[in-house]
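Plus 9 on top of the position in the sequence shown (first one is 1) and you've got the numbering used here. Positions of the beta carbon are idealized from the N, C-alpha and C atoms, including for glycine. Read the structure below first, then the notes.
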Amino acid sequence: LASCCFDVTVIEYPTPTTTLACNDNIQVSINEICEAFVSTDVILEGGPYSCYNDYLVAVEGYGSGFGGVTITSSAIGQTLNVTVTDPSTGNSCSGTISVEDKIVPQVICSDFTSSCSTYIEPDSTNTPIATDNCGGVILTYSDEEAPGSCPGFSTLIRHWVVTDSSGNSNTCDQIISFL
């Protein structure tokens, strides 16, 4: 029986460049849990580069990490400087990111039925359930009357608008009926 032996050399990327080029003015949108991971891959352009996790990414005000840095809701609306450094050569490049929240808040309306003499302010008619990926929202409404069955009363269509701190909004309609 014959045997054979050989060596295998794994090269991450053949002939990676040590010249770094960074994208600039990148818009980064946070996710459904109000965070964004600013990775080496997002910032670098060109290449071929070595393994992205080998590069140090530094985001102004959020620290640094190999492969990337997580930013949170406090970055929304800011333009931040980002630097990518190759620790094996010391070479680096920089760019900026603008952090945005583009996810609209969610709102669920439930209809309401009452007697003709009931007070119809929002607290007494099932205020909608409103949520947002980054926290607080503002609820506003306007009423539209439609013909109804009570003397002097109409059916109300309450148009609700929920707006988050980034100006994203969503709507729902609540039908308030009188018996």
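Contiguous beta strand (DSSP E) elements confined to the stretch 102-148 occur at 115-117, 121-123, 138-140, taking only those with 3 or more residues. Non-local C-beta neighbours of asparagine 135 in its own chain, meaning closer than 6 Å and more than five positions away in sequence, comprise Ser119, Phe121, ordered along the chain. If you draw a straight line from the Cα of valine 37 to the Cα of serine 12, it comes to about 56 Å.
For serine 186, the closest of Gly145, Pro156, Tyr61 by C-alpha to C-alpha distance is Pro156. Bounds of the alpha helix (DSSP H) holding isoleucine 52 are 49-52. Burial of threonine 94 is indicated by the presence of at least 16 other C-beta atoms within 10 angstroms of its C-beta. With a cutoff of 8 Å on beta-carbon distance, tyrosine 58 and threonine 26 are scored as near each other. In terms of Cβ geometry, asparagine 40 and lysine 111 do not form a close pair [threshold 8 Å]. In the three-state reduction of the DSSP assignment, asparagine 32 falls in the coil class, being assigned neither a helical nor a strand state. A direct Cα-Cα distance of roughly 43 Å separates asparagine 142 from valine 19.
Taking all protein chains in view, the Cβ of threonine 98 is surrounded by fewer than 16 other Cβ atoms within 10 Å, so the residue is classified as exposed.
For valine 171, the number of other beta carbons within 10 angstroms of its own is at least 16, and it is reported as buried.
In this structure, DSSP gives aspartate 63 a helical state, which the three-state scheme calls helix.
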